[in-house]
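Step one of this worksheet: look at the structure below.
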Ligand code: CMC
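In the numbering used here, the protein residues as written are 2 to 435.
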């Protein structure tokens, strides 16, 4: 894979380090473009010294794992799942095919896809207790809060999921979690919009089943094929994104040998944040606040003065156009053809144009990310902003589980337990006050 292995990643060598505190010299091996952080520990001032650490708030330059799932070249704007460019998968694959690819490393044969689809489909039911739990929440609740509780609560029905070292058990839980997510999304949306819970038999077309769970009121419901296709594309684009905040949360929680339901609940919690998956909701709120194209320049000026961020812009890894945003922009046009135009599209397009030509954004390499246009599609489908991140979570569950499985199978992984630089008070002694 010549595109992946950059010269710095393949070249082995060493880093020569001289500690000016002691005058001692060290050679730290460089492998795969990295030094091992634990190799720093030998650098000490004396025998009692703990050893050198690296300080990296936000893990900006720390590789916490070796992974074979997703590759991103942030400068070139490339995203591959298991080596396949996202553009090709979005164009030709189904979501369940992509989920299989993420989990197993290869695309399924027709027979494997059929077996996988049937297995996921068979897991779409949720226990009555989870239905009751969802219905116990106030209708004003944020859907992500409810999803967090429901996914975590599912673990209570599957204590056998604690046997994470057993591959068969892991696979059962993986199938179940992917199978129930559309059902949970539909259940939550129905409850929060005052509708009775309804279950429709899963067809195995994951995008269609998700739309049915959300919107169907009777057996006759048939979503527009263009909308099914758009939902399939959105699910694929959101399926994985290597070591993002929520995936890192899933891996962190899983590193304590925690069951996968709790891990995915942790992923949902991280995704909820407006700097991460919650950005798609925040973008829509921002566009509603701007309202009209003529107010775009004033809004951008306020962002540049530090009075808020341009939501849906910027990324820790992409310093170029997010390839997912490009595909979503095209998909939006297809959805608008089916559902009618979203008038806020003009505002979004104007906002993007102004930002991309402005020195503030150019200098900081801030481009539209996956969340910039997705909310416009969800809104055109009739979903309220709070549900946008739920759809993201439904899709990302496949990536979270692939990453969780990879971590469990990786002998090098240990419980995630970072160090700190203590900056608090020195020793002091308690004396009762007053
Ligand atoms: N609007 C205005 N300024 C920004 C933005 C933005 N959206 N993003 C970054 N900057 C500025 C930031 O103020 C800083 O400027 P300066 O150097 O003058 O202090 C510089 O760009 C670097 O920003 P950073 O916060 O150090 O970058 P980061 O890598 O820590 O943050 C980010 C990445 C995605 C959290 C950030 O770009 C952001 O807050 N974007 C808006 C929220 C958003 O759209 N999130 C979705 C991310 S993609 C999908 C997902 O993860 O779910």
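Glycine included, every Cβ here is placed at the ideal spot set by N, Cα and C.
(Q) Can you give me the C-alpha to C-alpha distance between residue 430 and residue 104, rounded to a whole angstrom? (A) Taking the chain shown and counting its residues from 1, one reaches residue 430 at position 429. Taking the chain shown and counting its residues from 1, one reaches residue 104 at position 103. Distance from the CA of residue 430 to the CA of residue 104, rounded to the nearest whole angstrom, comes to 54 Å.
Q. Looking at C-alpha atoms only, which residue of 86, 61, 63 is the closest neighbour of residue 73?
A. Along the chain shown, one-based indexing puts residue 73 at 72. Nearest option by C-alpha distance: 86.
(Q) Applying the 10 Å Cβ sphere with the 16-neighbour rule, what's the burial state of residue 391? (A) Position 390 of the chain shown holds residue 391. Looking at its Cβ environment, which holds 16 or more other Cβ atoms inside 10 Å, residue 391 is buried.
Q | Residue burial classification, residue 353 (beta-carbon count within 10 angstroms, cutoff 16) | A | The count along the chain shown starts at 1 and reaches residue 353 at position 352. By the Cβ neighbour-count rule, residue 353 is buried, with 16 or more other Cβ atoms within 10 Å of its own.
Q) What are the partner residues of residue 72, as DSSP defines its beta bridges? A) Residue 72 sits at position 71 when you count from the first residue of the chain shown. Looking at the DSSP output, residue 72 sits in a beta bridge with 81.
Q.
In the DSSP output, which residue or residues are listed as bridge partners for residue 19?
A. Along the chain shown, read from residue 1 onward, the residue named residue 19 stands at position 18. According to DSSP, which records beta bridges pairwise, residue 19 is partnered with 26.
Q | Neighbour-count burial assignment, residue 129, 16 or more Cβ in a 10 Å radius | A | On the chain shown, residue 129 is found 128 positions in, with the first residue counted as 1. The residue in question, residue 129, is exposed, as its Cβ has fewer than 16 Cβ neighbours within 10 Å.
Q) Short check: CB of residue 283 to CB of residue 277, under 8 Å? A) Counted from its first residue, the chain shown places residue 283 at position 282. Counted from its first residue, the chain shown places residue 277 at position 276. With a cutoff of 8 Å on beta-carbon distance, residue 283 and residue 277 are scored as not near each other.
Q. Looking at C-alpha atoms only, which residue of 399, 343, 364, 126 is the closest neighbour of residue 379?
A. Along the chain shown, one-based indexing puts residue 379 at 378. The residue from 399, 343, 364, 126 with its alpha-carbon nearest to that of residue 379 is 343.
Q) When you compare only the Cα positions, how much space is there between residue 157 and residue 363? A) The sequence position of residue 157 within the chain shown is 156, counting from 1. The sequence position of residue 363 within the chain shown is 362, counting from 1. Going by C-alpha positions, residue 157 is about 49 Å away from residue 363.
Q) Cβ of residue 182 within 7 Å of any heavy atom in the ligand CMC? A) Taking the first residue of the chain shown as position 1, residue 182 is located at position 181. No; taking the cut-off as 7 Å, the Cβ of residue 182 has no heavy atom of the ligand CMC nearer than that.
(Q) Taking 7 Å as the cut-off, is the beta-carbon of residue 233 closer than that to any non-hydrogen atom of the ligand CMC? (A) One-based indexing of the chain shown puts residue 233 at position 232. No; taking the cut-off as 7 Å, the Cβ of residue 233 has no heavy atom of the ligand CMC nearer than that.
Q | DSSP three-state assignment for residue 250, whether helix, strand or coil | A | To locate residue 250, count along the chain shown from 1; it is residue 249. The answer is helix: DSSP assigns residue 250 an H, G or I state.
Q. Taking 7 Å as the cut-off, does the CB of residue 317 come closer than this to any heavy atom belonging to the ligand FAD?
A. Ligands present in the displayed structure are limited to the ligand CMC, and the ligand FAD is not among them.
Q: Assuming residue 263 and residue 329 form a contact by the criterion Cβ under 8 Å, report the distance between their Cβ atoms to the nearest whole angstrom.
A: To locate residue 263, count along the chain shown from 1; it is residue 262. To locate residue 329, count along the chain shown from 1; it is residue 328. Residue 263 to residue 329, Cβ: 31 Å. No contact.
Q: Could you give the DSSP three-state label for residue 51: helix, strand or coil?
A: As a first step, residue 51 must be located in the chain shown, where it is residue number 50. DSSP places residue 51 in coil when its eight states are reduced to three.
Q: Look at residue 36 and residue 60 and say whether their C-beta atoms are less than 8 Å apart.
A: Mapped onto the chain shown, residue 36 falls at position 35. Mapped onto the chain shown, residue 60 falls at position 59. Result no, Cβ atoms of residue 36 and residue 60 do not sit closer than 8 Å.
(Q) Please report the straight-line C-alpha distance between residue 145 and residue 22, rounded to a whole angstrom. (A) In the chain shown, counting from the first residue as 1, residue 145 sits at position 144. In the chain shown, counting from the first residue as 1, residue 22 sits at position 21. Residue 145 and residue 22 have their C-alpha atoms some 51 Å from each other.
Q | 6 Å CB neighbourhood of residue 229 in its chain, flanking five on each side removed | A | The count along the chain shown starts at 1 and reaches residue 229 at position 228. Excluding five sequence positions before and after residue 229, the CB atoms of its chain that fall closer than 6 Å to its own CB belong to 208, 209, given in chain order.
Q) Whose CA, out of 237, 197, 194, 184, lies closest to the CA of residue 213? A) Numbered from 1 along the chain shown, position 212 holds the residue referred to as residue 213. Out of 237, 197, 194, 184, the CA that lies nearest to the CA of residue 213 is found in 184.
Q | C-alpha distance - residue 423 paired with residue 250, whole-angstrom precision | A | Within the chain shown, the letter at position 422 stands for residue 423. Within the chain shown, the letter at position 249 stands for residue 250. Their backbone Cα atoms lie some 23 Å apart in a straight line.
Q: To the nearest angstrom, report how far apart residue 120 and residue 175 are at their CA atoms.
A: Working through the chain shown from its first residue, we reach residue 120 at position 119. Working through the chain shown from its first residue, we reach residue 175 at position 174. Rounded to the nearest angstrom, the gap between the Cα atoms of residue 120 and residue 175 is 10 Å.
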